[in-house]
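Novice: This note's numbering puts the sequence shown at residues 1 to 162.
Just so you know, even glycine gets a beta-carbon here, dropped at the ideal spot from N, CA and C.
This one's a predicted model, so the numbers in the text were calculated from it and none came from an experiment.
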Amino acid sequence: MLQASPLAMVLRTSWLYSPYGNNFVKTMLRLGQAKKQLRVIDDQFGAPTSAIDLADAILKLLVQTPGNSGARSGIFHLTAQGQTSWYGFAKEIFDNGSRRGHPVPRLIAITTEEYPTSVRRPRNSRLDCGKMERAFGIKLPPWKDSLPTVLEQLDREQLHTN
């Protein structure tokens, strides 16, 4: 991409979730409705990133870089602050969900090897976002601060569809 367009900016993120589409938050809530216990991987780490926060940051980038002069081109990482495992993320989803009346299954922490899948995932999906902050002064909020906003929006939309 950068070879074809050296003035381009590539944003890398991880563990993206939102009230829309398929993602870990919606999957956990759906499975929490259907199952009394869930086995969740506890040895893969990343930064759950709200698509709402990411979109807001991209808008700020667009304002700061009209016609990008190339001085700020390249690859940038942009994720929420903080880190957790999939298990830690699930626990936070259900802790927040329980305050909203969602069922809370028993969570069982497992290793990557104990989860049957043909898909190989990295143990460490954490990204250093320092370059983004230095170049643009943009830093996403902590992932734990953004999760309730997405859960609230999911609850509001659920009320409108019922």
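(1) Please specify which runs of the alpha helix (DSSP H), each continuous and at least 4 residues long, are wholly inside the segment 24-108, giving them in chain order.
(2) Give the range of the beta strand (DSSP E) segment to which R12 is assigned.
(3) Have a look at R12 and S98 and give me their C-alpha separation to the nearest angstrom.
(4) Can you pull the DSSP bridge partners for P142?
(5) Per DSSP, what kind of secondary structure is L154 in: helix, strand or coil?
(6) Once the 5 residues before and after N162 are set aside, which same chain residues still bring their CB inside 7 Å of it?
(7) Nearest by alpha-carbon distance to Q158: which of K26, S14, A34 is it?
(8) Going by beta-carbon coordinates alone, are M9 and F76 separated by less than 9 Å?
(9) Rounded to the nearest angstrom, what separates P19 and W86 at their Cα positions?
(10) Taking R121 as part of the alpha helix (DSSP H), name the residues at either end of that continuous run.
Specialist: Taking the structure as given:
(1) Within the segment 24-108, the complete alpha helix (DSSP H) segments of 4 residues or longer fall at 24-34, 51-64, 86-98, listed in chain order.
(2) Translated into the one-based positions of the sequence shown, residue 12 becomes position 12. It spans 9-12 - the beta strand (DSSP E) in which R12 sits, taken as one unbroken run.
(3) Counted from its first residue, the sequence shown places residue 12 at position 12. Counted from its first residue, the sequence shown places residue 98 at position 98. Rounded to whole angstroms, R12 to S98 spans 32 Å at the Cα level.
(4) Position 142 of the sequence shown holds residue 142. P142 is bridged by DSSP to Q81.
(5) As a position in the sequence shown, residue 154 is number 154, starting the count at 1. The three-state secondary structure of L154, taken from DSSP, is helix.
(6) Here the question's residue 162 lines up with position 162 in the sequence shown. Low local confidence applies: a pLDDT of 48 at N162 is under 50, so the model's placement there is unreliable, with the coordinate-based value given in what follows. Cβ neighbours of N162 beyond the five flanking positions: none.
(7) Locating residue 158 in the sequence shown gives position 158, counting from the first residue. For Q158, the closest C-alpha among the options K26, S14, A34 is that of K26.
(8) Residue mapping note: residue 9 aligns to position 9 of the sequence shown, counting from 1. Residue mapping note: residue 76 aligns to position 76 of the sequence shown, counting from 1. Closer than 9 Å, so yes.
(9) Numbered from its first residue, the sequence shown carries residue 19 at position 19. Numbered from its first residue, the sequence shown carries residue 86 at position 86. Answer to the nearest angstrom: the Cα atoms are 18 Å apart.
(10) If you number the sequence shown from 1, residue 121 lands on position 121. Counted as a single uninterrupted DSSP element, the stretch harbouring R121 is not any alpha helix (DSSP H), since DSSP gives it neither H nor E.
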